[in-house]
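> This is the structure I want to talk about, given as structure tokens.
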């Protein structure tokens, strides 16, 4: 097993270089660069732009830029953001933490709700409950997150106009005067602000996740060995939760590798719409401005987490699926 | 005895005032009287993009933190009621007879927020750092005229001289740059140079270490979320209202970062932010509705003024690979015809929901003093367009209904703008439709912004586009013509980037630009500006279309806004220093 893990880690090295180079190349393929915006400013001379370009190293060939960046990366320096004139990690890290305030609870909520809902749907296929859940799931899948967020904001405002009560905040992560709150009030304040974004992010995920769970369960429940188990008189509880569920969750375990980078990649457009200071608004800005090292640096963090996550899920699979042995 | 004490105290106070020489903010800049003013409270605003640094030398975005805390002010500032330069951190100035040197007497008694006096050294150090190439300051270019440096000289602690390489209309604008503390930046600059400066005052800097000479200090900053500023008490020692009260009145100024404008609107409607300038018809009508239904106690000034930006269509004069199109695009008759097919009213109605202003010249309509009212406008007139095109030899139409000349060449060109700019895309589609009515085929494509800029700024005899719709901002009250745009060698001389003037009128404009830029008499400068607009109208190098208007809104808990006459996209809705919370 140890040999296997070591081998896997060794394989990660070429993957890492290949993937980062590809990411770097693709970012560079986009026309223009960080300074293009400045070129339409009537006050800035072309000489100044050329000088800045040289200062940022943007006038050098791509492979040279990549090697320089890789050199820094190997010294655990993710690079320097043009827009912030500061190390990428300093800028990115607080945003990742903010995003996690939504993503972690919503991931937990997802598992807590979606797995039982999926199992219920599979065990009582075509019952009234199953149909209601299916119906809700399709609605959840059909409404894009950002739009659901807008609907919630509209509803909050309408309630406020009619009653004068702000049930939940319209947007943001903290209230005015947050800095003066005592620690408990700070936590409560963030929690209060996080409720709507968490609901929005979780609803659509639950819809998809529970559908897949239901399908998996149905497939496993129709297998011969389940019939055998039932025939030999095992309790239904044992059949379902010990034999069926363990096999039904295998695809999810295989996907755990994707959760790890998912934790840092933010909650998507919901963050933009609801003014949540997470990673998505920052990354969108960086992409738009072609803040090269910001985007490349963030992709690298995601890449490393994805590789670690995949390794973890492969190891977990040996635990869940007795057919898999790495030796 | 008591009386004697009162006199003594009075004398001491007067003595203090005399040495502090406060700047008195004129009553006419606000609708409020000092007697109705209340002190304290928090002004809440929202901005779209995040702050990137506290460092004044590397900041690049508009509305950045250094501008906020300093109020963006320097030796001189403009009086919004007249547009004239008035002494601010300077108490007076003298201009040398050859008009190449301005000597400013610096106001005494001004202090940085850490208690150190503000003196000539602060200006000298700030200028040195801004003009160090290795720092990469955005203000670098403003300290040069035609590539020659403007220099500063310290005469004594409270006297400073600006020496210009030639007379310059924007001399005072240069002198209005914001000083930063020498005692903070000077030692670092001397020891570690530009690299040392670049590492200072990042977002990780403790707010209490950021020293300000302006109205605000940083209280806290939460990245991507909220910047909270608090009043700088040192500022109030030399900034007073007419009743002698220290400014600003507010305790705090809180700015939320809300990237989505719909969320900003929601916050304004909920009363969570106090000021907003809605840009779309939908947002405006929601605010008006909320006010009318009594759900929101706020004021909105519709069509307060046009915004200071332009939208235009530019034809490429350098198309060596296609002589037919090149001669067409270089013909002023053709361009005039194209101006006649631009239905500016339809653009305003459809693109800006009726809330916009037509444009006919390079001077933004909001710069009213500069707009020459007698300049000919080639307004929407399809008959006139058809007539001009016929004069160019396009009399017959082909099977598809498009105009062709005697050699059977079809009148057709490609038009592009940056994808994602919905308003420009709509303008382009309107132009396609109107052009079709007179028989001109316009092929519209929306392309990536950076590709578009690359095409527009490419140079040489053969450039890769026909026509582009784009816009510019910037250009000031002193001299509204762009130093990069008008001169034939200018980087933004977008229609002709061959590197030389091709039309005698371009040469004329080039010469007039240099004359106007060096003319110090405002009236004479305006005359030159008028003349330039006349030539521009004949030449029509670019076809101006229309722009949106400025519609400021604010919650009625705020007082101290500008009188209606000066609310505009140039002066804004209020001076923050004179703003107060009513309830």
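Protein chains in written order, with my numbering: chain A, 210 to 536; chain B, 2 to 584.
Ideal placement from N, C-alpha and C gives every residue a C-beta, glycine not left out.
For clarity, every value in this text was computed on a predicted model and none was experimentally measured.
Are any of the Cβ atoms in chain B nearer than 7 Å to that of residue 257 (chain A)?
Along the first chain, one-based indexing puts residue 257 (chain A) at 48. Closer than 7 Å to some Cβ of chain B, the Cβ of residue 257 (chain A) qualifies, so yes.
> Are any of the Cβ atoms in chain B nearer than 7 Å to that of residue 380 (chain A)?
The residue given as residue 380 (chain A) occupies position 171 in the first chain. With 7 Å as the cut-off, residue 380 (chain A) counts as an interface residue toward chain B.
> On the CB-based measure, 16 or more other CB atoms within 10 Å of its CB, does residue 571 (chain B) come out buried or exposed?
On the second chain, residue 571 (chain B) is found 570 positions in, with the first residue counted as 1. By the 10 Å Cβ count, residue 571 (chain B) comes out buried.
> Classify residue 309 (chain B): buried if its beta carbon has 16 or more other beta carbons within 10 angstroms, exposed otherwise.
Reading the second chain from its first residue, position 308 is the one you call residue 309 (chain B). By the neighbour-count rule (16 or more Cβ atoms within 10 Å), residue 309 (chain B) is buried.
> Using the rule of at least 16 other Cβ atoms within 10 Å of the residue's Cβ for burial, across every protein chain shown, is residue 462 (chain B) buried or exposed?
Here residue 462 (chain B) refers to the residue found at position 461 of the second chain. By the neighbour-count rule (16 or more Cβ atoms within 10 Å), residue 462 (chain B) is not buried but exposed.
> Within the chosen definition, does the region 488-498 of chain A reach the region 42-51 of chain B through at least 3 CB pairs nearer than 8 Å?
The region 488-498 of chain A vs the region 42-51 of chain B: in contact.
> I'd like to know whether the C-beta of residue 260 (chain B) is nearer than 7 Å to at least one C-beta of chain A.
Taking the second chain and counting its residues from 1, one reaches residue 260 (chain B) at position 259. True, the Cβ-Cβ gap to chain A drops below 7 Å.
> Is the region 155-169 of chain B close to the region 203-222 of chain B, with three or more CB pairs under 8 Å?
In short, these stretches do not touch, since the Cβ pair count stays below three.
> Under 7 Å between C-beta atoms, does residue 477 (chain A) make it to chain B?
In the first chain, residue 477 (chain A) corresponds to position 268, counting from 1. No, residue 477 (chain A) does not count as interfacial toward chain B.
> To the nearest angstrom, report how far apart residue 584 (chain B) and residue 46 (chain B) are at their CA atoms.
For the purposes of this step, residue 584 (chain B) is identified with residue 583 of the second chain, where counting begins at 1. For the purposes of this step, residue 46 (chain B) is identified with residue 45 of the second chain, where counting begins at 1. So the alpha carbons of these two residues sit roughly 17 Å apart.
> Compare the C-beta of residue 370 (chain A) with all C-beta atoms of chain C and state if any pair is closer than 7 Å.
No chain C appears in this structure, whose protein chains are A and B.
> Below 9 Å between beta carbons is the criterion; list the residues of the region 236-252 of chain A that meet it against any residue of chain B, in chain order.
For the region 236-252 of chain A, which is checked against every Cβ of chain B, the residues closer than 9 Å are 239, 240, 241, 242, 245, 246, 247, 248, 249, 250, 251 and 252.
> Any idea what DSSP makes of residue 363 (chain B), helix, strand or coil?
Residue numbering aside, residue 363 (chain B) sits at position 362 when the second chain is read from its first letter. Coil at residue 363 (chain B), not helix or strand.
> Just to make sure I have the definition right: I need the residues of chain A whose C-beta is within less than 9 Å of the C-beta of residue 224 (chain B). Which are they?
Numbered from 1 along the second chain, position 223 holds the residue referred to as residue 224 (chain B). The answer, in chain order, is 300, 303, 304, 307, 486 and 491.
> Spatial neighbours of residue 508 (chain B) within its chain, please: CB distance less than 6 Å, with the 5 preceding and 5 following residues excluded, ordered by chain position.
For this step, residue 508 (chain B) is matched to residue 507 along the second chain. Cβ within range, chain order: 502.
> Could you tell me if the beta carbon of residue 420 (chain B) falls within a distance shorter than 6 Å of some heavy atom in the ligand ADP?
In the structure on display, the ligand ADP does not appear, and there are no ligands present to speak of.
> Decide if residue 274 (chain A) is buried, meaning its Cβ has at least 16 other Cβ atoms within 10 Å, or exposed.
For the purposes of this step, residue 274 (chain A) is taken as residue 65 along the first chain, with counting starting at 1. Classification for residue 274 (chain A): buried.
> What does residue 264 (chain A) touch in chain B if you count any residue whose Cβ is under 8 Å from its own?
As a working mapping, residue 264 (chain A) is identified with position 55 in the first chain. Under the 8 Å cutoff, chain B gives 135 and 137.
> Listed from N- to C-terminal order along the chain, which residues in the region 339-367 of chain A have their beta-carbon within a distance smaller than 7 Å of any beta-carbon of chain B?
Listed in sequence order: 359, 362 and 366.
> Just to confirm before moving on: does the CB-CB distance between residue 483 (chain A) and residue 221 (chain A) stay below 7 Å?
Taking the first residue of the first chain as 1, we reach residue 483 (chain A) at position 274. Taking the first residue of the first chain as 1, we reach residue 221 (chain A) at position 12. No; because the gap between Cβ atoms is not below 7 Å, this pair is not in contact.
> At which residues does the beta strand (DSSP E) containing residue 549 (chain B) begin and terminate?
One-based indexing of the second chain puts residue 549 (chain B) at position 548. Residues 547-551.
> Could you spell out the range, first to last residue, of the alpha helix (DSSP H) harbouring residue 71 (chain B)?
Taking the first residue of the second chain as 1, we reach residue 71 (chain B) at position 70. Where residue 71 (chain B) is concerned, the enclosing alpha helix (DSSP H) stretches over 66-71.
> Per DSSP, residue 311 (chain B) forms a beta bridge with which residues?
Stepping through the second chain from its first residue, residue 311 (chain B) is reached at position 310. According to DSSP, residue 311 (chain B) bridges with B:473.
> Considering only residues of the same chain and omitting the five flanking positions on each side of residue 407 (chain B), which have a CB-CB separation below 7 Å?
The residue you call residue 407 (chain B) lines up with position 406 of the second chain. Excluding positions up to five away in sequence, the list reads 394.
> What are the residues in the region 232-257 of chain B lying within 7 Å of chain A by C-beta distance?
Flagged, chain order: 255 and 257.
> For residue 542 (chain B), which of helix, strand or coil comes out of DSSP?
In the second chain, residue 542 (chain B) corresponds to position 541, counting from 1. Reduced to three states, the DSSP call for residue 542 (chain B) is coil.
> If the cut is a Cβ gap below 7 Å, which residues of chain A does residue 141 (chain B) touch?
Here the question's residue 141 (chain B) lines up with position 140 in the second chain. The answer, in chain order, is 257.
> Please look up how many angstroms separate the CB atoms of residue 586 (chain B) and residue 431 (chain B), rounded, as I've assumed it's under 8 Å.
This structure does not reach residue 586 (chain B), given that chain B is present from 2 up to 584, and the question cannot be answered.
> List, in order along the chain, the chain A residues whose C-beta lies closer than 9 Å to that of residue 289 (chain B)?
Your numbering for residue 289 (chain B) matches position 288 in the second chain. Simply none; closest approach about 15 Å.
> Residues of chain B with CB under 9 Å from residue 503 (chain A), in chain order?
By one-based count along the first chain, residue 503 (chain A) stands at place 294. Going along chain B, no residue has its Cβ under 9 Å from residue 503 (chain A), so there is no contact; the nearest lies around 11 Å.
> Have a look at A:348, A:326 and A:321 and flag the residue whose alpha-carbon is nearest the alpha-carbon of residue 423 (chain A).
On the first chain, position 214 is the one that residue 423 (chain A) refers to. Comparing Cα-Cα distances from residue 423 (chain A) to each of A:348, A:326 and A:321, the minimum goes to A:326.
> If you run the structure through DSSP and keep just helix, strand and coil, what is residue 141 (chain B)?
Along the second chain, read from residue 1 onward, the residue named residue 141 (chain B) stands at position 140. Correct three-state label for residue 141 (chain B): helix.
> Answer yes or no: do residue 419 (chain B) and residue 450 (chain B) have a C-beta to C-beta separation smaller than 7 Å?
Taking the first residue of the second chain as 1, we reach residue 419 (chain B) at position 418. Taking the first residue of the second chain as 1, we reach residue 450 (chain B) at position 449. Result yes, Cβ atoms of residue 419 (chain B) and residue 450 (chain B) sit closer than 7 Å.
> By Cβ distance, which residues of its chain are closer than 8 Å to residue 265 (chain B), with the 5 residues on each side in sequence left out?
Your numbering for residue 265 (chain B) matches position 264 in the second chain. The residues are 47, 49, 259, 274 and 277.
> Residue 348 (chain B) and residue 307 (chain B) - do their beta-carbons sit closer together than 7 Å?
Stepping through the second chain from its first residue, residue 307 (chain B) is reached at position 306. Stepping through the second chain from its first residue, residue 348 (chain B) is reached at position 347. No.
> Nearest by alpha-carbon distance to residue 428 (chain A): which of A:443, A:459, A:408 and A:410 is it?
Stepping through the first chain from its first residue, residue 428 (chain A) is reached at position 219. Nearest C-alpha to residue 428 (chain A): A:459.
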